[in-house]
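Here's the structure we're looking at; comments come further down.
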Amino acid sequence: MIERIYVIEDADIELFVGVNRSNLITLGNLYPRTKIRQQGNILKILAEQAEGEALLSKLEQLEQLCVQHNQLTEQQIIETVRGRNASHEAKPHGASSLILYGLHGKGIYARGSNQHRLVEAFAEHDLCLATGPAGSGKTFIAICLAVKALKSKQVRRIILSRPAVEAGEKLGFLPGEMKDKLDPYLQPLYDALGELIPATKLKDYLDTGVIQIAPLAFMRGRTLNDAVIILDEAQNTTPQQMKMFLTRLGNNAKMIVTGDISQIDLPRGIYSGLRDAINKLSALEGVGIVGFEASDIVRHPLVQRIVEVYDQEEGDNLINEQEQVKDNDNE
Numbered sequence: 120m121i122e123r124i125y126v127i128e129d130a131d132i133e134l135f136v137g138v139n140r141s142n143l144i145t146l147g148n149l150y151p152r153t154k155i156r157q158q159g160n161i162l163k164i165l166a167e168q169a170e171g172e173a174l175l176s177k178l179e180q181l182e183q184l185c186v187q188h189n190q191l192t193e194q195q196i197i198e199t200v201r202g203r204n205a206s207h208e209a210k211p212h213g214a215s216s217l218i219l220y221g222l223h224g225k226g227i228y229a230r231g232s233n234q235h236r237l238v239e240a241f242a243e244h245d246l247c248l249a250t251g252p253a254g255s256g257k258t259f260i261a262i263c264l265a266v267k268a269l270k271s272k273q274v275r276r277i278i279l280s281r282p283a284v285e286a287g288e289k290l291g292f293l294p295g296e297m298k299d300k301l302d303p304y305l306q307p308l309y310d311a312l313g314e315l316i317p318a319t320k321l322k323d324y325l326d327t328g329v330i331q332i333a334p335l336a337f338m339r340g341r342t343l344n345d346a347v348i349i350l351d352e353a354q355n356t357t358p359q360q361m362k363m364f365l366t367r368l369g370n371n372a373k374m375i376v377t378g379d380i381s382q383i384d385l386p387r388g389i390y391s392g393l394r395d396a397i398n399k400l401s402a403l404e405g406v407g408i409v410g411f412e413a414s415d416i417v418r419h420p421l422v423q424r425i426v427e428v429y430d431q432e433e434g435d436n437l438i439n440e441q442e443q444v445k446d447n448d449n450e
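For the sequence shown, this note's numbering gives the first residue as 120, with consecutive numbering after it.
Next up, the structure:
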C-alpha cells in the first residue's frame, strides 16, 4: 500500500467532502480497499498503486465538478467513478444557454436576446459597455461572466467597483470605519456574488484579494492585469472618472461597464461619463456595446410597467438636459 496526497485547491472544502464527510464515505464505499483521511484541505490516500492513481484522477474530476456546480452529490460521485457523464443536466424548459452554476447547483442561464448579446460581446471584446434599466440583468450577468472566467482560470482576480456618488466619494465625512462607510454602496455586488459562490469560499476570495470590491476612487494609479474588472452604476461617473477607469485595463484583462443612463444622480451641470464613453467609443475596435430595454426586466412583472411609465415621462427631459450640459461644455 502506498500513501498519496491530494490537495483540495479550488473547491469549497465543506461542499467537496460533504456533510459529516458523506462524500468521502461514498468514495470509500466505491474504493473498499482504499483508506481516505482528511486533514483540512488535504486528503491522505492509502491504496495499491493502480487504485490510488485511479482515485487521484477521479478526485481531480470531482473537484472540477464541485467548482462548476457549487455542489457535489452522491450521484455525481458514483457516475464519475463509473465513467459516466456526471455533468449532464437537462436544460429547463424555455431556458437559454448556461453561463455557470450558482449555489446548490442551480444553473444560471442567459435569458433574452440582450443577455445573449452581452455574453457574446464578452467573449469577443476586451471592453463591454452595457446600458439599460434596473432589473434587466446586465450587472448580474456581468458578474456571472467574471466568476466563470475565474473558475475556469482564465483570470486570477475579479475587481468590482461603483462610484460612491451618494457620498460624493467624500467618505471621510461619514462616521465609522472605512469598511462600514463603503459597504452600503457596494452591497448589491456582494449580494450578486453570494448567489454564485458558497459563503466560506467567497470569504476566502475576499480575504485573499482574489475578489476585490472597492469604490471607483480606489482605482487610481493601478494597472489591473489578469482580471475581469466591472464598473457598475457607471452613469454616475464623470468623463474624467470614466477615462481614469478605462485606462486601468492591463494585460490579460477584460472590462464590463454597466449603467442606466435614465438614472443619473450627478449634480446638475455634470455630464455622464457613461454617455460620453458610448458616444466616443462606439466605433472603436475591441469595444462591444449592448443596450438593454424594459422588456428585458426579470424582476417582478410590475417593475417593467413602472419603468416604462417613468421612461415615457422623464426620459426625453433627462436626455435634453444632459445634451444641454455637453453643449455648454463645448462652448
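Glycine included, each C-beta is placed from N, C-alpha and C at the ideal position.
- The alpha carbon of residue 153 has as its nearest neighbour, out of 142, 138, 170, the alpha carbon of 170.
- The region 162 to 193 contains, as complete alpha helix (DSSP H) runs of 4+ residues, the segments 168 to 188 (chain order).
- Just measuring C-alpha positions, the residue of 391, 344, 124 sitting nearest residue 354 is 391.
- Taking a C-beta distance under 8 Å as the contact criterion, residue 180 and residue 270 do not qualify as a contact pair.
- Within a 10 Å sphere around the beta-carbon of residue 421 sit fewer than 16 other beta-carbons, which makes this residue exposed.
- The straight-line gap separating the alpha-carbon atoms of residue 222 and residue 266 is approximately 13 Å.
- Residue environment analysis places residue 256 among the buried positions, since at least 16 neighbouring C-beta atoms fall within 10 angstroms of its C-beta.
- For residue 234, there is no enclosing beta strand (DSSP E); the enclosing alpha helix (DSSP H) covers residues 232 to 243.
- The three-state secondary structure of residue 276, taken from DSSP, is strand.
- In this structure, the beta-carbon distance from residue 348 to residue 372 falls below 8 Å.
- Runs of the beta strand (DSSP E) lying entirely within the region 356 to 417, each at least 3 residues long, are 373 to 378, 406 to 410 in chain order.
- Take the alpha-carbon of residue 140 and the one of residue 304: they are about 39 Å apart.
- Inter-residue distance for residue 144 and residue 322 is about 27 Å (C-alpha atoms, whole angstroms).
- In the structure shown, the three-state DSSP call for residue 226 is strand.
- Scanning its chain for C-beta atoms nearer than 7 Å, with the 5 sequence neighbours on each side dropped, one finds around residue 408 the residues 248, 397, 401, in chain order.
- Annotation: residue 261 to residue 280 spans about 12 Å, alpha carbon to alpha carbon.
- For residue 352, the number of other beta carbons within 10 angstroms of its own is at least 16, and it is reported as buried.
- Counting along the chain, residue 250 sits inside the beta strand (DSSP E) bounded by residues 246 to 250.
- For the set 377, 378, 335, the Cα lying nearest the Cα of residue 363 is the one of 335.
- The three-state secondary structure of residue 329, taken from DSSP, is coil.
- In this structure, the CA atom of residue 234 is about 21 Å from the CA atom of residue 425.
- The alpha-carbon separation between residue 239 and residue 164 amounts to approximately 43 Å.
- Excluding sequence positions up to five before and after residue 370, its CB lies within less than 8 Å of the CB of 344, 345, all in the same chain and listed in chain order.
- In its chain, beyond the 5 residues on either side, 199, 200 have a beta carbon closer than 7 Å to the beta carbon of residue 177.
- Look at residue 334 here: in three-state DSSP terms it is strand.
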